[in-house]
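Here the structure is laid out as structure tokens; the discussion comes afterwards.
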Amino acid sequence: MDKYKLIVDLAVLEISKHEKVLSVENGIFKTDKNTNYGIDNLIYKSKDINEKAALNSIIKEHFNALFDSRNFSDNLDLKNFEKIRQYLSLRLYPKSYFEEYLNKKNCIYKIDLEDVYTVLMLDLPTAFTNVQREAFESWKKNELEVFSIAQENINKQNVEKVTQTVEFGGTNVQINFIGDETYAASYGLDLIHNSPDFVGNLGAVVAFPNKGIINVCKITNDHPLDFVKFIQGTKSLVKKFHDDHPYPVSTDFFWYYKGKFKKINVFENSDGKIDVTAPNELSDLLVKLK
Numbered sequence: 001m002d003k004y005k006l007i008v009d010l011a012v013l014e015i016s017k018h019e020k021v022l023s024v025e026n027g028i029f030k031t032d033k034n035t036n037y038g039i040d041n042l043i044y045k046s047k048d049i050n051e052k053a054a055l056n057s058i059i060k061e062h063f064n065a066l067f068d069s070r071n072f073s074d075n076l077d078l079k080n081f082e083k084i085r086q087y088l089s090l091r092l093y094p095k096s097y098f099e100e101y102l103n104k105k106n107c108i109y110k111i112d113l114e115d116v117y118t119v120l121m122l123d124l125p126t127a128f129t130n131v132q133r134e135a136f137e138s139w140k141k142n143e144l145e146v147f148s149i150a151q152e153n154i155n156k157q158n159v160e161k162v163t164q165t166v167e168f169g170g171t172n173v174q175i176n177f178i179g180d181e182t183y184a185a186s187y188g189l190d191l192i193h194n195s196p197d198f199v200g201n202l203g204a205v206v207a208f209p210n211k212g213i214i215n216v217c218k219i220t221n222d223h224p225l226d227f228v229k230f231i232q233g234t235k236s237l238v239k240k241f242h243d244d245h246p247y248p249v250s251t252d253f254f255w256y257y258k259g260k261f262k263k264i265n266v267f268e269n270s271d272g273k274i275d276v277t278a279p280n281e282l283s284d285l286l287v288k289l290k
């Protein structure tokens, strides 16, 4: 049995109950309603399932939830901001995905992380959907205010937080993990408010491999260079978390300081050694400690 083909065929049957599927290309279903549906999440959900009946059940549940959410959205007064604000949320998309599958003109977005788009979303009862520009403009609100409300909604989520001490090259390094399959990545955009204990006086280094988990190493005067060992020790793990997930975000590491993120340059030499170059502002802070 060609499992991928079976999933595609079953998905086409489900989508066709609502919209006509015009094409299936690179795991994306395009329909006559000018909408795109991805298959990556279905493949992830069914990675341990091979029986046709079980696959069919997963696919039915997936698209039922999706179209139920669409119906809910259609019946919601999207131009009434006070009714909408409780549903505002955020999702992070890598630049390559955003530019290929999302319509820049219709999305409300900002860039917090290099090569990653933070997209304003509606977190509806059974699915996420991005806020359309037409609806946004009807609210007569500025983007900063709306993104702030969306972040506040995310900060209220009950995510899982774990702190571990791991030895890297003879140095014990404290690593913090935030996990939640829906909110972890967007939660990580506002650590100073929702997880201040994960941020040191010199900030923190954060990895956003996928939407379901982030890794954090705080930087303090007492342990100013732990972040280098953290990056060297977790680089391959971050890549695995990124590559194995249906909703990857980034394989990069970012310095988080005073609410802003700056990419850290990380290079792997031919001998396998990993070199880390801190952003100039962080280097200046570290020099002052000497």
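Note that UniProt numbering gives residue 39 to position 39 of the sequence shown, counting from 1, and the numbers run on in steps of one.
Built from N, CA and C at the ideal position, the CB exists for glycine as well.
Distance CB(residue 162)-CB(residue 147) smaller than 8 Å: Within the sequence shown, numbered from 1, the residue matching residue 162 stands at position 162. Within the sequence shown, numbered from 1, the residue matching residue 147 stands at position 147. No. Outside cutoff.
Option nearest residue 201 by Cα separation, candidates 282, 137 and 101: Position 201 of the sequence shown, counting from 1, holds the residue named residue 201. For the residues 282, 137 and 101, the minimum Cα distance to residue 201 belongs to 282.
Beta-ladder partner(s) of residue 200, from DSSP: The residue labelled residue 200 in the question sits at position 200 within the sequence shown. According to DSSP, which records beta bridges pairwise, residue 200 is partnered with 203.
Bridge-paired residues (DSSP) for residue 117: As a working mapping, residue 117 is identified with position 117 in the sequence shown. Under DSSP, residue 117 takes part in a beta bridge, and its partners are 93.
Span separating the alpha-carbon of residue 184 from that of residue 157: What you label residue 184 is simply residue 184 of the sequence shown in a count that begins at 1. What you label residue 157 is simply residue 157 of the sequence shown in a count that begins at 1. Spanning the two alpha carbons is a distance of roughly 9 Å.
Host beta strand (DSSP E) of residue 233 (start-end): Position 233 of the sequence shown, counted from the first residue, corresponds to residue 233. Segment 226-243 is the alpha helix (DSSP H) holding residue 233; no beta strand (DSSP E) there.
Start and end residues, alpha helix (DSSP H) containing residue 143: What you label residue 143 is simply residue 143 of the sequence shown in a count that begins at 1. Residue 143 -> alpha helix (DSSP H) spans 143-155.
Three-way DSSP call (helix, strand, coil) for residue 82 in this model: Residue numbering aside, residue 82 sits at position 82 when the sequence shown is read from its first letter. In the structure shown, the three-state DSSP call for residue 82 is helix.
C-alpha distance - residue 145 paired with residue 152, whole-angstrom precision: If you number the sequence shown from 1, residue 145 lands on position 145. If you number the sequence shown from 1, residue 152 lands on position 152. When rounded, the distance between both Cα atoms is 11 Å.
The region 257-274 in contact with the region 118-127 per 3-pair CB rule at 8 Å: With the cut-off at 8 Å, the region 257-274 and the region 118-127 do not touch.
Nonlocal neighbours in the same chain, by C-beta distance under 6 Å from residue 81, ignoring five residues either side: What you label residue 81 is simply residue 81 of the sequence shown in a count that begins at 1. Excluding residues within five positions, the ones whose Cβ falls inside 6 Å are 139.
Sequence-distant residues of its chain with Cβ nearer than 6 Å to residue 174 (five each side left out): Reading the sequence shown from its first residue, position 174 is the one you call residue 174. If we look at residue 174 and ignore the five residues flanking it on each side, its Cβ neighbours are 165.
7 Å CB neighbourhood of residue 241 in its chain, flanking five on each side removed: Here residue 241 is taken as the residue at index 241 of the sequence shown, counted from 1. 209, 210 and 213.
Opposing strand residues paired with residue 179 [DSSP bridges]: As a first step, residue 179 is located in the sequence shown; it is residue number 179 there, counting from the start. Looking at the DSSP assignment, residue 179 forms a beta bridge with 160 and 213.
Classification of residue 94 by the beta-carbon crowding that lies within 10 angstroms, buried from 16 upward: Translated into the one-based positions of the sequence shown, residue 94 becomes position 94. Classification of residue 94: buried, given that the 10 Å Cβ count is 16 or more.
8 Å contact criterion, which residue 15 and residue 37 should meet: CB distance rounded: The count along the sequence shown starts at 1 and reaches residue 15 at position 15. The count along the sequence shown starts at 1 and reaches residue 37 at position 37. Right, the Cβ-Cβ distance comes to about 6 Å (below 8 Å), so this counts as a contact.
Helix, strand or coil at residue 275 [DSSP, three-state]: As a first step, residue 275 is located in the sequence shown; it is residue number 275 there, counting from the start. Of the three classes helix, strand and coil, the one that applies to residue 275 here is strand, per DSSP.
DSSP beta-bridge partners of residue 257: On the sequence shown, position 257 is the one that residue 257 refers to. Paired residue(s): 260.
Member of 231, 215, 64 and 48 whose CA lies at the smallest distance from the CA of residue 19: Counting from one through the sequence shown, the residue named residue 19 turns up at place 19. Out of 231, 215, 64 and 48, 64 has the C-alpha closest to the C-alpha of residue 19.
Residue range of the unbroken beta strand (DSSP E) whose run includes residue 22: On the sequence shown, residue 22 is found 22 positions in, with the first residue counted as 1. Boundaries of the beta strand (DSSP E) around residue 22: 21-25.
Closest by C-alpha distance to residue 13, when choosing among 104, 46 and 55: Indexing the sequence shown from 1 puts residue 13 at position 13. Residue 55 is the option with its Cα nearest to residue 13.
Pair within 8 Å by beta-carbon distance, residue 131 and residue 90: For the purposes of this step, residue 131 is taken as residue 131 along the sequence shown, with counting starting at 1. For the purposes of this step, residue 90 is taken as residue 90 along the sequence shown, with counting starting at 1. No.
Distance between residue 26 and residue 50 (C-alpha atoms, nearest Å): Sequence index remark: in the sequence shown, residue 50 carries index 50 (1-based). Sequence index remark: in the sequence shown, residue 26 carries index 26 (1-based). Their Cα atoms are separated by approximately 21 Å.
Range covered by the beta strand (DSSP E) that runs through residue 49: Taking the sequence shown and counting its residues from 1, one reaches residue 49 at position 49. Run containing residue 49: none; DSSP gives neither H nor E here.
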